[in-house]
Amino acid sequence: SSSLPSHRVDLASRTPPYKKLAHKLEEVRKILGPGRQLTLAEKILYSHLDNPEDSLLSNTNNGRDIRGNANLKLKPDRVAMQDASAQMALLQFMSCGLPSTAVPASIHCDHMIVGQKGEQADLPSSIAGNKEVFDFLESAAKKYGIEFWPPGAGIIHQTVLENYSAPGLMMLGTDSHTPNAGGLGAIAIGVGGADAVDALVDAPWELKAPKILGVELIGELSGWASPKDIILYLAGQLTVRGGTGYIIEYYGPGVQSLSCTGMATCCNMGAEVGATTSLFPFSPAHVPYLQATHRGPIAEAASKIASGPMAQNLLRADPEAAYDKVIRIDLSRLEPHINGPFTPDLSTPISKFKDIVEEKGWPKAFGAGLIGSCTNSSYQDMTRAEEVVKQASAAGLKPKADFFITPGSEQIRATLDRDQTLSTFSAAGGTVLSNACGPCIGMWDRKDAPPKGEANAIFTSYNRNFPGRNDGNRATMNFLASPELITAMVYSGSTTFNPATDSIDTPNGPFKFTPPKGSDLPSAGFAEGRPEFFATPGVPDPTVEVVVDPRSTRLALLEPFAPFPNSELNSLRVLYKVKGQCTTDTISAAGPWLKYKGHLPNISENTLIGAVNAQTGEVNVAYDVDGTKSGIPELAKRWKEKGQEWLVVAEHNYGEGSAREHAALQPRYLGGRIILAKSFARIHETNLKKQGIVPLTFANEADYDLFEACDEVATRGLLDVLRSGGKGEVDLVLKKKSGEEEVIKTKHTLSEDQCGFILAGSALNLLARKGKE
Ligand code: SF4
Numbered sequence: 035s036s037s038l039p040s041h042r043v044d045l046a047s048r049t050p051p052y053k054k055l056a057h058k059l060e061e062v063r064k065i066l067g068p069g070r071q072l073t074l075a076e077k078i079l080y081s082h083l084d085n086p087e088d089s090l091l092s093n094t095n096n097g098r099d100i101r102g103n104a105n106l107k108l109k110p111d112r113v114a115m116q117d118a119s120a121q122m123a124l125l126q127f128m129s130c131g132l133p134s135t136a137v138p139a140s141i142h143c144d145h146m147i148v149g150q151k152g153e154q155a156d157l158p159s160s161i162a163g164n165k166e167v168f169d170f171l172e173s174a175a176k177k178y179g180i181e182f183w184p185p186g187a188g189i190i191h192q193t194v195l196e197n198y199s200a201p202g203l204m205m206l207g208t209d210s211h212t213p214n215a216g217g218l219g220a221i222a223i224g225v226g227g228a229d230a231v232d233a234l235v236d237a238p239w240e241l242k243a244p245k246i247l248g249v250e251l252i253g254e255l256s257g258w259a260s261p262k263d264i265i266l267y268l269a270g271q272l273t274v275r276g277g278t279g280y281i282i283e284y285y286g287p288g289v290q291s292l293s294c295t296g297m298a299t300c301c302n303m304g305a306e307v308g309a310t311t312s313l314f315p316f317s318p319a320h321v322p323y324l325q326a327t328h329r330g331p332i333a334e335a336a337s338k339i340a341s342g343p344m345a346q347n348l349l350r351a352d353p354e355a356a357y358d359k360v361i362r363i364d365l366s367r368l369e370p371h372i373n374g375p376f377t378p379d380l381s382t383p384i385s386k387f388k389d390i391v392e393e394k395g396w397p398k399a400f401g402a403g404l405i406g407s408c409t410n411s412s413y414q415d416m417t418r419a420e421e422v423v424k425q426a427s428a429a430g431l432k433p434k435a436d437f438f439i440t441p442g443s444e445q446i447r448a449t450l451d452r453d454q455t456l457s458t459f460s461a462a463g464g465t466v467l468s469n470a471c472g473p474c475i476g477m478w479d480r481k482d483a484p485p486k487g488e489a490n491a492i493f494t495s496y497n498r499n500f501p502g503r504n505d506g507n508r509a510t511m512n513f514l515a516s517p518e519l520i521t522a523m524v525y526s527g528s529t530t531f532n533p534a535t536d537s538i539d540t541p542n543g544p545f546k547f548t549p550p551k552g553s554d555l556p557s558a559g560f561a562e563g564r565p566e567f568f569a570t571p572g573v574p575d576p577t578v579e580v581v582v583d584p585r586s587t588r589l590a591l592l593e594p595f596a597p598f599p600n601s602e603l604n605s606l607r608v609l610y611k612v613k614g615q616c617t618t619d620t621i622s623a624a625g626p627w628l629k630y631k632g633h634l635p636n637i638s639e640n641t642l643i644g645a646v647n648a649q650t651g652e653v654n655v656a657y658d659v660d661g662t663k664s665g666i667p668e669l670a671k672r673w674k675e676k677g678q679e680w681l682v683v684a685e686h687n688y689g690e691g692s693a694r695e696h697a698a699l700q701p702r703y704l705g706g707r708i709i710l711a712k713s714f715a716r717i718h719e720t721n722l723k724k725q726g727i728v729p730l731t732f733a734n735e736a737d738y739d740l741f742e743a744c745d746e747v748a749t750r751g752l753l754d755v756l757r758s759g760g761k762g763e764v765d766l767v768l769k770k771k772s773g774e775e776e777v778i779k780t781k782h783t784l785s786e787d788q789c790g791f792i793l794a795g796s797a798l799n800l801l802a803r804k805g806k807e
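Just so we're aligned, residue 35 is where the sequence shown starts under UniProt numbering, counting upward by one.
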């Protein structure tokens, strides 16, 4: 292996800690008692518990009802981050002051790269436009020992599959399609930046124990059916919410015939049904895939465990393990499916698609076929598409729609280049885009674009198809299908074409495709690709300075929040009294604000701008003590400058919606100390505590009516609660403009750990302190 680039040689950090995990599994079995059967997902999760007894026995009827009840405190093996979400994760990590990450981690620059004119032109222009962000990510990676995959190296999930995923591994990724790694038998979960930081600093990461949905596969795929069709079909069965709170665990004899990358495609799109993650058991296809990606020793170690005694078998479900729900799919009868438009769960078998197109009046022609992306750019996918192109070219056919190919990584691109797959695509008129997200995340300057609002169709082998996702046109119908099916359809130009039954007219008579075979893996091995796209090694270098230009509008270093004072909070003011729903989007809006994700002061300009003023009904209109009218962020900034700390008063389910950590960071940054609400969304309540804000609920909901903007508030008992690790209650002394005072009873859910966060100023401050001890 001496000729291999350095990022391939470091196998130690890429091998799951099998010995340690086996011991933990034994411990778990002891705690749960003899005869207890575990699913594969449970085995991997529970063997990553920080303290199994603590997590498995509390709140679970003595270990009998773990799923859906237990709060698992987990210690993941690894973290992966993409360029957009890595910014705040790293800024928070940096404020801990640790010299390196506690677990191996990687950064992947893929989301901020456009797909317009092809790789040669797009990559340099994307790098120029985002230079300061890439420079920041690279310097932070080098300083803290994070492997850094530069722009052009590939899409996070493909790179993770090729380098980091392994049977039995548990990892977190700051992207929703992180579960892609489950194709190689890992538990891989998509999270926000603050969660990733938990793992980076070796703090336990909390997860409500998911239920387990078993998907039993029998039979074998044939003809045009591909692994993509398994998940397209399943999405139709489950709908976009059907997997919420579940891990999808595949099993059964049908698994044996699937390629490793095909299994990854199924796991990738488990995100579309809301599943926590998806995974496959260790299977025959894993061995050659691990070997071909220079990880033979991991294949050996995993094979040994998988064929060893069941008691220690971390890589297969116990024979009698029970699932909370089971769906069975016969692969031999599975047809290709087309899902969409506008939602990934509208699933139609190809044999019925023509009728539906006619019935619904969907467009009969389509503008573009796009294949590849993190979901479907494997060697198998691309060689199957290549065979389709070759058949068509031999018959003298030319594509009737634009045809784009996105390789998922430099390794796959270089391999397809060497094996002349890419030149086959180009010669046929296809455009090969950068190894990046590109059109999948809307970074696409669509050339054939019809006017905005005009109904039209495209086909992609991606995973998401929400309105406007690819070309910004909400009327574009994005249909999801396998790469080989899309490629065949590109030659017909028709949405109603079924390559299994239909033919295309040529001067030499009708032409019919034969189903492509493709190859799972390149017979000459994977090519390494261009060295400029190799990862930097994960070795910390304290001499590196992290580059953040103080004039930057997109990045700003985080200042640690001040610790809690040695007193009660005596003179807070009500900044705003919110009426009705207040989601994380209300608190920190997305859209154009996303470019400031790495700049807390700038993104804080959107704080609460969606909130309704309970006294006036106005949105984002706040009044200062002297009656001055302004937006909420303006008032908060004015108060921050004066040192006036504040609280927000709100109604039910404050902070519902996504887990967006900015919704807790921003109020804290602007001087917020307390959120007093009728109730909280669970994840947001935890996020507030992590950032040092005290969430309190009314003991008597009607007290909400007593509060008005600019009222003064003092705490009584808060300091005692914090110092005693959460014992006792907090009263608020509410002082009205008239001088009248009233004592308001509140409730809290502060645990001992969380009291520590608040006393220290934030969870990160506490971690930083522990790190220095
Ligand atoms: Fe997400 Fe698309 Fe990029 Fe995959 S290719 S990581 S789905 S943006």
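Quick reminder that beta carbons are idealized off the backbone N, C-alpha and C, glycines included.
For residue i, which option in the options has the closest C-alpha, if you only look at C-alpha atoms?
| i | options | result |
| --- | --- | --- |
| A120 | G559, L132, A230 | A230 |
| I405 | F438, Y630, A335 | F438 |
| E763 | F741, A733, M205, D737 | A733 |
| G401 | M416, N490, E369, E283 | N490 |
| L514 | R707, R508, T529, G506 | T529 |
| E240 | G248, A228, F545 | A228 |
| H696 | D754, G751, W627 | W627 |
| H145 | P184, L108, V113, S134 | P184 |
| V728 | E652, E735, G705 | G705 |
| G102 | H191, M122, E76 | E76 |
| S443 | E420, S412, K771 | S412 |
| P383 | T273, A462, A259, R418 | A259 |
In whole angstroms, what separates the C-alpha of residue i from that of residue j?
| i | j | result |
| --- | --- | --- |
| V581 | E172 | 9 angstroms |
| E392 | K386 | 10 angstroms |
| Q700 | E776 | 30 angstroms |
| I281 | N85 | 21 angstroms |
| G726 | F595 | 8 angstroms |
| P213 | G543 | 46 angstroms |
| F493 | G403 | 5 angstroms |
| S638 | P441 | 37 angstroms |
| E668 | A624 | 19 angstroms |
| S35 | P556 | Caution applies to S35, whose pLDDT of 39 falls short of 50 and renders its modelled position unreliable; the model cannot decide the point. |
| D111 | V289 | 26 angstroms |
| G296 | A351 | 21 angstroms |
| E690 | R716 | 8 angstroms |
| T278 | V307 | 7 angstroms |
| F567 | I446 | 12 angstroms |
| P484 | G152 | 21 angstroms |
| W673 | C408 | 46 angstroms |
| Y267 | N532 | 17 angstroms |
| F791 | D232 | 13 angstroms |
| D169 | A355 | 48 angstroms |
| V466 | L450 | 11 angstroms |
With a cut-off of 8 angstroms on the beta carbons, I'd call residue i and residue j a contact; round off their distance for me.
| i | j | result |
| --- | --- | --- |
| L349 | P318 | With 8 angstroms as the limit, L349 and P318 do not qualify as a contact, their Cβ atoms being about 13 angstroms apart. |
| M511 | P378 | Rounded, the Cβ-Cβ distance is 13 angstroms, inconsistent with contact. |
| D739 | V608 | About 13 angstroms separates the two Cβ atoms, so there is no contact after all. |
| L83 | S89 | 5 angstroms |
| I78 | M204 | 6 angstroms |
Assign residue i to buried or exposed, taking buried as 16 or more other Cβ atoms, counted over all protein chains shown, within 10 Å of its Cβ.
| i | result |
| --- | --- |
| P158 | exposed |
| N640 | buried |
| Q414 | buried |
| T548 | exposed |
| M469 | Looking at the sequence itself, residue 469 is Asn, so the reference to Met does not match. Buried: at least 16 other Cβ atoms inside 10 Å. |
| Q788 | buried |
| A46 | exposed |
| R367 | exposed |
| residue 809 | This structure does not reach residue 809, given that the chain is present from 35 up to 807, and the question cannot be answered. |
| V235 | buried |
| R503 | buried |
| M303 | buried |
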